Amino acid sequence: MSPLPISMQKRNVSLPRRRTTIKLESYEWRSVDALLALENITLSLLCTELDSRRGDLRLVQAIRMFLLLYFRTIADNSLTIASQTVQSPNLMHHPPAPAFNCLLIALMQFSTHVQHGLPPHRPSLSDL
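Under my numbering, the residues of the sequence shown are numbered 878 to 1005, in order.
So, in structure tokens, the structure goes:
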């Protein structure tokens, strides 16, 4: 069985001082689209944030790294969130789990990685 063909796709993005074209593989764009839908943000906003933090990385490299950090953060914290969510009719004694801002955590990890060139700290909800 042969692997599925990889198709490269381009999208134009407006950044504060320029317009650029980003070329990613189709499965990477599906991941970007999922992130944008989950966070209710635009591609331009995400790229602007990453562009301002990327250091010497090319923007496309920054996007790929950020996708990995973002979805790894969700995976790392999903069990913690599930274990803190208690189904109870009495919310006074069992309040819902604290809000989890995956976008902010992943941006902080990305900035740390780019600035120091080290693997980012993997914070849990208790670090927030």
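Think of the CB as a built atom: it goes at the ideal place given N, C-alpha and C, for glycine as much as any other residue. Only a predicted model underlies this, so the values are computations on that prediction, with no experimental measurement involved.
Would you mind working out which of the options sits nearest residue i, comparing C-alpha positions?
i      : options                           : result
Phe948 : Leu920, Arg888 and Ala911         : Ala911
Glu926 : Asn954, Met885 and Ser891         : Ser891
Ile940 : Pro893, Arg907 and Asn978         : Arg907
Leu946 : Val991, Ile883 and Tyr904         : Val991
Lys887 : Asn978, Ala983, Met985 and Leu920 : Leu920
Met885 : Arg896, Arg895, Thr897 and Ser903 : Ser903
Met942 : Glu905, Asn954, Leu922 and Ala914 : Glu905
In chain order, what residues of the same chain lie with their CB nearer than 8 Å to the CB of residue i, ignoring the 5 residues before and after it?
i      : result
Val937 : Ile899, Lys900 and Leu901
Check this for me: beta carbons of residue i and residue j, under 7 Å apart or not?
i      : j      : result
Ser988 : Arg930 : yes
Within the same chain, show all residues whose beta-carbon is closer than 7 Å to that of residue i, passing over the 5 residues directly before and after it, in chain order.
i      : result
Pro893 : Thr925
Cys979 : Tyr947, Thr950 and Ile951
Can you give me the Cβ contacts of residue i inside the same chain, cut-off strictly under 6 Å, excluding the 5 residues immediately before and after it?
i      : result
Arg895 : none
Ala983 : Leu946, Tyr947 and Thr950
Thr897 : Val890
Round the Cβ separation of residue i and residue j to the nearest angstrom and send it over; I've been treating them as touching at under 8 Å.
i      : j      : result
Val909 : Leu944 : 7 Å
Leu915 : Leu923 : With a Cβ gap of about 11 Å, Leu915 and Leu923 do not count as contacting.
Kindly provide the ranges of any beta strand (DSSP E) runs that are 3 or more residues long and lie completely inside the stretch 882-947, ordered along the chain. The qualifying runs are 885-891 and 896-902.
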